[in-house]
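Here's the structure we're looking at; comments come further down.
There are 2 protein chains.
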Amino acid sequence: MAEVKLLGVRGSPFVVRVVLALKLKGIEYEFLEENLGNKSELLLKYNPIHKKVPVLVHNEKPVSESLVIVEYIDEAFKGNPILPTEPYQRALARFWTNFIDDKIFSAIRKAVFTLDEVEREKGVEEALEALQFLENDLKTKFFGGDEIGFLDIAALIIAYWVPIFQEVRGLQIFTSEKFPKLYNWSQELINHPIIKENLPPREPLLAFFKARIEGLSASK
Amino acid sequence: MAEVKLLGVRGSPFVVRVVLALKLKGIEYEFLEENLGNKSELLLKYNPIHKKVPVLVHNEKPVSESLVIVEYIDEAFKGNPILPTEPYQRALARFWTNFIDDKIFSAIRKAVFTLDEVEREKGVEEALEALQFLENDLKTKFFGGDEIGFLDIAALIIAYWVPIFQEVRGLQIFTSEKFPKLYNWSQELINHPIIKENLPPREPLLAFFKARIEGLSASK
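These protein sequences, in sequence, are chains W and P. Just so you know, full-length UniProt numbering puts 40 at position 40 of the first sequence, and the rest follows in order with no gaps. Just so you know, full-length UniProt numbering puts 90 at position 90 of the second sequence, and the rest follows in order with no gaps.
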């Protein structure tokens, strides 16, 4: 049995964060594909609280939650640091990764996957405001500097998934006109060899999220 | 000027987390009391995104969000580690501290500070379910083992604030009958000398949250 296993689904931005951390560290692992409509015994055993992917299993010990897993990988395996090494820079990276999940992603989810139109509009406004903070913070090629780091991995959801989400809804939230620095960063990021190799293909994702939104309206 | 400053209010469980981390590390600091009804220029300058306390300012550099600040303090100042040192234990501590803020505290807030009664009942149920997971996880005197650690600091909100919240609402969520291990832990924790010295007095807190709930109903 492999020492490192990853329970996940290929299309999830949260799972891809862990895949990238493993690849950046050069760690061999076994990918166990989950069917979220019929969760495996293994998933329920290893993440009984949230019952969600990703779950990393290292020597039979499970770790859940993508950002917790990425920090774990960075601390448990030496070489190629993912987080900055300086304490203040580490704190900033943690602050911004939380900001992405708590503010940007939750606003985007509201803007895209809510049935109520007023709520969706509120989501768009919140997303624009939150993205502006991130745009203002970007000073280097990647958030990690010249190399991809913790915040880039966390923010990949903006670079790759958000354009798909907004296409599905016909929204213009994350655009090169509104966020030129972030947009350039997003192009650098998704064309980085390690990222490019590990992104799920775009068309099936688009079809998946289209179906999900149609399902939303159908169950109105 | 002091090298370390803390912007906060004395009654906030999130601010007290930072106070405790500083005390456990033996770090001298200056406490700058905020008036949240009229936020200082300093707060708006140092935390322009969330405009919330606590903010730690170390050598003029600000860090926001209580858990990010506690990790920063642990990494920037040597001695008396607050987080475990072993990577897997660190990951578990981070998982559970997130669980406290995302699941337990948000359920408690819903159970106590929501106007809608159905929502409040849902909050009570969610809080009971979430607390049970934490009860099951407690195997030692403190979550940190024999000594107070990261998770104890984060969970102090359950030991000290939740009993106040439920008294205000006449609820029975966190009781010695329902959660005997957590209840014993809570008594050990609030009687630990460093914690005891730094807790805000109970009566004013009780009065403050009573007024807050009366304000809720008044603005119905």
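Backbone N, C-alpha and C fix where the C-beta goes; we use that ideal spot for every residue, glycine too. Note that this is a predicted model, so its numbers are computed, not measured.
- A straight line joining the alpha-carbon of I164/W with that of F133/P spans about 36 Å.
- With the rule of 3 Cβ pairs closer than 8 Å, the segment 117-129 of chain P does not count as touching the segment 65-81 of chain P.
- Sorting G79/P, F209/P and L6/P by C-alpha distance to the C-alpha of E167/P places F209/P at the top.
- Taking the C-beta atoms as reference points, P13/P is found nearer than 8 Å to I157/P.
- C-alpha of K178/P to C-alpha of L44/W: approximately 25 Å in a straight line.
- The beta carbons of A91/P and E71/W sit closer together than 8 Å.
- Between the segment 181-191 of chain P and the segment 126-141 of chain P there are three or more C-beta pairs closer than 8 Å, enough to call the two in contact.
- Contacts with chain W at 8 Å (Cβ-Cβ) do not include I213/P.
- Listed as beta-bridge partners of V16/W by DSSP are no residues whatsoever.
- The beta carbons of P81/W and A93/W sit no closer together than 8 Å.
- I190/W is a Cβ neighbour of L199/W, given a cutoff of 8 Å.
- Cβ proximity to chain P below 9 Å picks out P87, Y88, R90, A91, L92, R94, F95, N98 and F99 from the segment 87-99 of chain W.
- At a cut-off of 8 Å between beta carbons, I49/P contacts chain W.
- Listed along the chain, the chain P residues whose CB falls inside 7 Å of the CB of Y46/W amount to none; the nearest CB is some 12 Å away.
- Between G8/P and P54/P, the C-beta spacing is below 8 Å.
- Listed along chain P, no residue sits closer than 8 Å to F105/W by beta-carbon distance, the nearest being about 13 Å off.
- Here the alpha carbons of A155/W and E121/P stand approximately 36 Å from one another.
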